[in-house]
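Residue numbers (our numbering), protein chains in the order written: chain V, 1 to 219; chain U, 220 to 438; chain X, 439 to 657; chain C, 658 to 876.
There are 4 protein chains.
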Amino acid sequence: MGLSARDGGKAFGRGEASRLASYTSPMKMDDSARRQELLASAARLFRDVGYPRATVRDIAKAVGMQSGSIFYYFKTKEDILLEVMETAMRAFVLAGQRALEQAKTPREKLRLLFAGHLEALHGTRDETAVVLSEWRNLAPKSRRRMVKLRDQVDSMWDEALHEAVAAGMVQGDVRLLRLAMLGSLNWSLQWYSPKGGLSIQDLADRFVDFYVDVGPAKR
Amino acid sequence: MGLSARDGGKAFGRGEASRLASYTSPMKMDDSARRQELLASAARLFRDVGYPRATVRDIAKAVGMQSGSIFYYFKTKEDILLEVMETAMRAFVLAGQRALEQAKTPREKLRLLFAGHLEALHGTRDETAVVLSEWRNLAPKSRRRMVKLRDQVDSMWDEALHEAVAAGMVQGDVRLLRLAMLGSLNWSLQWYSPKGGLSIQDLADRFVDFYVDVGPAKR
Amino acid sequence: MGLSARDGGKAFGRGEASRLASYTSPMKMDDSARRQELLASAARLFRDVGYPRATVRDIAKAVGMQSGSIFYYFKTKEDILLEVMETAMRAFVLAGQRALEQAKTPREKLRLLFAGHLEALHGTRDETAVVLSEWRNLAPKSRRRMVKLRDQVDSMWDEALHEAVAAGMVQGDVRLLRLAMLGSLNWSLQWYSPKGGLSIQDLADRFVDFYVDVGPAKR
Amino acid sequence: MGLSARDGGKAFGRGEASRLASYTSPMKMDDSARRQELLASAARLFRDVGYPRATVRDIAKAVGMQSGSIFYYFKTKEDILLEVMETAMRAFVLAGQRALEQAKTPREKLRLLFAGHLEALHGTRDETAVVLSEWRNLAPKSRRRMVKLRDQVDSMWDEALHEAVAAGMVQGDVRLLRLAMLGSLNWSLQWYSPKGGLSIQDLADRFVDFYVDVGPAKR
DNA sequence: TATGAATGAGGTTTCATTCAT
DNA sequence: GATGAATGAAACCTCATTCAT
């Protein structure tokens, strides 16, 4: 019959253009105030009702936008989630790095790791809560990106725990120790409220004490 | 057990189901094989992809039904979730009761509580995993029902922990101890696999050791 | 309809069920009256305004349905297009087969091929018009299915044209002849109307005469 | 040329553009380089994916513009289509005029008409392909403008065909002859590629031969 | 001249739920 | 007990278009 098709589906352009990040100040939009607002709005909603039930409309409405406008800033709802979670994970990485830098003794390292993690979790940003609960809603590709960041956090903990074991402060498998500790900390998301009269620092101390034998000096 | 909820639950409930077997025509459909199949199917799906993304169609399909037929057994998708979670919570209650009954010493009590909780979590049933992650998707009314069951679990833990503290095995606030411990245990859902070469019993032992000073007897 | 099948999608389940086309009468729905109505409605709209501008809502409304209901019958808008086009292509195949069977002489074959093609094109069904104009909107995979059907049509024409050339009725490259002829016929879609006083049969005769030297007998 | 329209054109026009260069500030923007670039970009896109699927954004991107900027040059997406199609139609008119001027004999006229039409269709410009496929997407008012141009083309063909009939080279109704011929030629869009080893000139010759009886001496 | 930001209408698709049979 | 058909609300996303700058 003679119908062919010289169109080759989706991809159009031959010349295409891929034009010049140099025109506009590079990434001008990537940290525009509006974009940040949207991310914050999304983080809060994701935290409060979960990613699947947080609608694009709601996210937009919270910053006074129409739902369609969101897609000027993000390609996909899932992209927003990924970005929120990356932000959160980087906050954890940062908290870890700071803890390791500032601490002098193995015990101090643990204490600061505990406190830093809790602060990230219960601070002003909502992202960190999201990172714990929405993992499942990431596409495999996004998940892989997150895993790398998570591994960074883990290895900082392992480093500190190795020292603690060497110092005789704790005993047992480092990995299991980390898993137990982070479980305790992360679970605080389910119950901790600063209004309860227990400060983050106090909580960190109490939790550390559960794991670390109180040394002779303190006994 | 320590699940709270800072979640601002939207609008939910419609009619609110008549829940208990005893209300409706007794023993007619409430534990029919089909119904149990559906609950199991739902539990698995809820665990694997989460409640919001588990569709009624999928739940039905897994037992060879049409989606419409589900509503012969359940008034609402949320009713299914509630029932799954109640089942799970009762499993935790049961595990706790058994532990307290069988154990002789305070240390044994803790060990059995740890092991029982982990077994419930990683056993053959999928419900227990659901109870930890889908709290948010319960309507307020359902949530209240769950809270009561959770409180039962909590009080068993507290009982055991009081004894442990009295025995000098652990020190610190009982509530915080429980929260830390359950956090460690629940978090295992994120990483534990029986294929890893570590048995549930072993894991329980290791975790207990993290919290309980190895006593003189064992030293 | 049973489940089984070509669903490809995400796929959760482990056990899955893959249940028995034998329960329900196989393909019961595949030619339900409603489904056929939808296909007819789609064909008409595709023909009238083109696939991209024919909305699912419009297709549904034309048979008194809501847009969502369409997806009970078809997985995708594109699936509808594919099915419409396959129907059309099969009509062309059928027309060709009939022509070749009924005709005695080479000249008769051409005449019947012309007439059959034109009848398919301008008959009561709208599908055949669609097949000529919406090729571009098929996904590559669907396109491949169509190509096979198209090739069947082409080879019937080539068969007839070979004979015609052998008989000295026409001369030239068979493929180019086919392409020229089908071009003439297909283009009639742009201008032919039965109300114009020219019957399909007449038109076929005139067109054949353009291509075939009037034989000695007729001279 | 023979494009009609049984298409029931829905609602379209809004304000209806002021089209011709002479209306607006003369020679200011109407043939600016940018404008021409945009038209070329649009033509290519319209040809490759069709008018409805060619987005304003894509058209703009191909020339390194933002989508909003297009509306400085054109009032409406449909205006772009109209202009592209007018350009194309004028190319066909021009091809026809040239053919009639240069040819000496009736046969030569046909040959040049065929070749000119094919050249326009498969030359470097993408517009001519668009004119054949996007008729349906023109608003009624625009369509009327196009019809006039098309009629010019048609009458040139009719003129040549009258002579050909008078010369005994072809026989039959002039209008039907034109429709058959243009069908053959236009359909080449579906299958012809210059890479196939057949030049445009050759193709024109072959096609003419299909319609014109080769006289004994080639007389 | 052109951009960057946003709109708002509308597109396809999903899904819990209903109900006659 | 269960199905098949359908609903209707709402989800994500697209896109021509506007407009202040």
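No residue lacks a Cβ here, since even glycine has one placed at the ideal position from N, Cα and C.
Distance between residue j and residue i (C-alpha atoms, nearest Å)
| i | j | result |
| --- | --- | --- |
| Gly-196 of chain V | Leu-395 of chain U | 12 angstroms |
| Ser-799 of chain C | Leu-138 of chain V | 48 angstroms |
| Asp-424 of chain U | Ala-385 of chain U | 21 angstroms |
| Asp-79 of chain V | Gly-123 of chain V | 23 angstroms |
| Gln-201 of chain V | Phe-509 of chain X | 55 angstroms |
| Arg-144 of chain V | Asp-48 of chain V | 25 angstroms |
| Ala-459 of chain X | Leu-264 of chain U | At Ala-459 of chain X the pLDDT is 33, less than 50, meaning the model places this residue with poor confidence; the figure from the coordinates comes in the next sentence. Going from the Cα of Ala-459 of chain X to the Cα of Leu-264 of chain U covers about 24 angstroms. |
| Ala-752 of chain C | Gly-68 of chain V | 47 angstroms |
| Pro-709 of chain C | Arg-491 of chain X | 7 angstroms |
| Ala-480 of chain X | Gln-504 of chain X | 14 angstroms |
| Leu-846 of chain C | Asp-31 of chain V | 48 angstroms |
| Gln-316 of chain U | Val-372 of chain U | 9 angstroms |
| Met-803 of chain C | Trp-629 of chain X | 15 angstroms |
Secondary structure of residue i, DSSP reduced to three states
| i | result |
| --- | --- |
| Ser-412 of chain U | coil |
| Gly-589 of chain X | Reading off the sequence shown, one finds Asp at residue 589 of chain X, where the question assumed Gly. The answer is helix: DSSP assigns Asp-589 of chain X an H, G or I state. |
| Gln-693 of chain C | helix |
| Glu-134 of chain V | coil |
| Pro-26 of chain V | At Pro-26 of chain V, the pLDDT of 33 sits below 50, so the modelled position is not reliable; the number obtained from the coordinates is stated separately. Three-state DSSP puts Pro-26 of chain V in coil, outside helix and strand. |
| Gln-414 of chain X | The requested residue 414 of chain X does not occur in the structure, where chain X is confined to residues 439 to 657. |
| Ala-240 of chain U | Confidence at Ala-240 of chain U is low in this model, with a pLDDT of 36, below 50, so the placement of that residue should be treated as unreliable; the coordinate-derived value is given next. In this structure, Ala-240 of chain U counts as coil in the three-state DSSP scheme. |
| Gly-168 of chain V | coil |
| Leu-176 of chain V | helix |
| Pro-52 of chain V | coil |
| Arg-782 of chain C | coil |
| Val-531 of chain X | helix |
| Phe-207 of chain V | helix |
| Ala-307 of chain U | helix |
| Phe-512 of chain X | coil |
| Leu-556 of chain X | helix |
| Ser-199 of chain V | coil |
| Asp-158 of chain V | helix |
| Asp-58 of chain V | helix |
| Ala-796 of chain C | coil |
| Asp-688 of chain C | coil |
| Lys-220 of chain V | No answer is possible for residue 220 of chain V: the residues shown for chain V start at 1 and end at 219. |
9 angstroms Cβ cut-off: residues of chain C touching residue i
| i | result |
| --- | --- |
| Ser-622 of chain X | Leu-836, Ala-837, Met-838, Leu-839, Gly-840, Ser-841 and Trp-844 |
Contact set for residue i: own chain, Cβ-Cβ below 6 angstroms, skip 5 residues either direction
| i | result |
| --- | --- |
| Gly-488 of chain X | none |
| Leu-806 of chain C | Met-746 |
| Lys-296 of chain U | Val-275 |
Residue nearest to residue i in terms of C-alpha spacing, selected from the options
| i | options | result |
| --- | --- | --- |
| Leu-132 of chain V | V:Lys-109, V:Leu-82 and V:Arg-35 | V:Leu-82 |
| Gln-255 of chain U | U:Gln-316, U:Leu-313 and U:Glu-346 | U:Glu-346 |
| Phe-867 of chain C | C:Val-831, C:Asn-843 and C:Ala-837 | C:Ala-837 |
| Ala-690 of chain C | C:Tyr-730, C:Phe-703 and C:Thr-712 | C:Tyr-730 |
| Gly-383 of chain X | X:Val-522, X:Arg-545, X:Leu-476 and X:Ser-622 | This structure cannot speak to residue 383 of chain X, because chain X is shown only from 439 to 657. |
| Ala-529 of chain X | X:Arg-545, X:Lys-542, X:His-555 and X:Thr-543 | X:His-555 |
| Ala-99 of chain V | V:Ala-120, V:Gln-190 and V:Val-84 | V:Ala-120 |
| Met-742 of chain C | C:Leu-818, C:Phe-864 and C:Ala-786 | C:Ala-786 |
| Thr-324 of chain U | U:Pro-413, U:Tyr-411 and U:Leu-380 | U:Leu-380 |
Own chain residues within Cβ distance below 7 angstroms of residue i, not counting five before or after
| i | result |
| --- | --- |
| Asp-589 of chain X | none |
| Asp-432 of chain U | Met-388 |
| Ala-115 of chain V | Ile-200, Gln-201 and Ala-204 |
| Gln-759 of chain C | Leu-769 |
Contact set between residue i and chain V, taken where Cβ atoms lie within less than 8 angstroms
| i | result |
| --- | --- |
| Phe-426 of chain U | Leu-176 and Ala-180 |
| Phe-311 of chain U | Per Cβ cutoff of 8 angstroms: no residues; Phe-311 of chain U is ~15 angstroms from chain V at best. |
Contacts around residue i, its chain only, beta-carbon distance under 8 angstroms, and the 5 residues preceding and following it disregarded
| i | result |
| --- | --- |
| Ser-155 of chain V | none |
| Lys-685 of chain C | Because the pLDDT of Lys-685 of chain C is 41, which lies under 50, any placement of that residue in the model is unreliable, and the number read from its coordinates should be weighed accordingly. For Lys-685 of chain C, where only same-chain residues beyond five positions count, there are no Cβ hits under 8 angstroms. |
| Asp-158 of chain V | Val-174, Arg-175 and Arg-178 |
beta-carbon residue i near the ligand MN non-hydrogen atom, thresh 7 angstroms
| i | result |
| --- | --- |
| Glu-521 of chain X | Among the ligands in the structure shown, none appear at all, so the ligand MN cannot be discussed. |
Interface residues of chain V facing residue i [CB-CB closer than 7 angstroms]
| i | result |
| --- | --- |
| Arg-272 of chain U | Pro-52 |
| Phe-265 of chain U | Those within 7 angstroms of Phe-265 of chain U in chain V number zero; the least Cβ separation is about 11 angstroms. |
Beta-carbon neighbours of residue i, restricted to chain X and to distances below 8 angstroms
| i | result |
| --- | --- |
| Asp-830 of chain C | Arg-644 |
Chain C contact residues for residue i, given Cβ-Cβ distances below 7 angstroms
| i | result |
| --- | --- |
| Asp-651 of chain X | Asp-870 |
Beta-carbon neighbours of residue i, restricted to chain U and to distances below 7 angstroms
| i | result |
| --- | --- |
| Trp-157 of chain V | Going along chain U, no residue has its Cβ under 7 angstroms from Trp-157 of chain V, so there is no contact; the nearest lies around 13 angstroms. |
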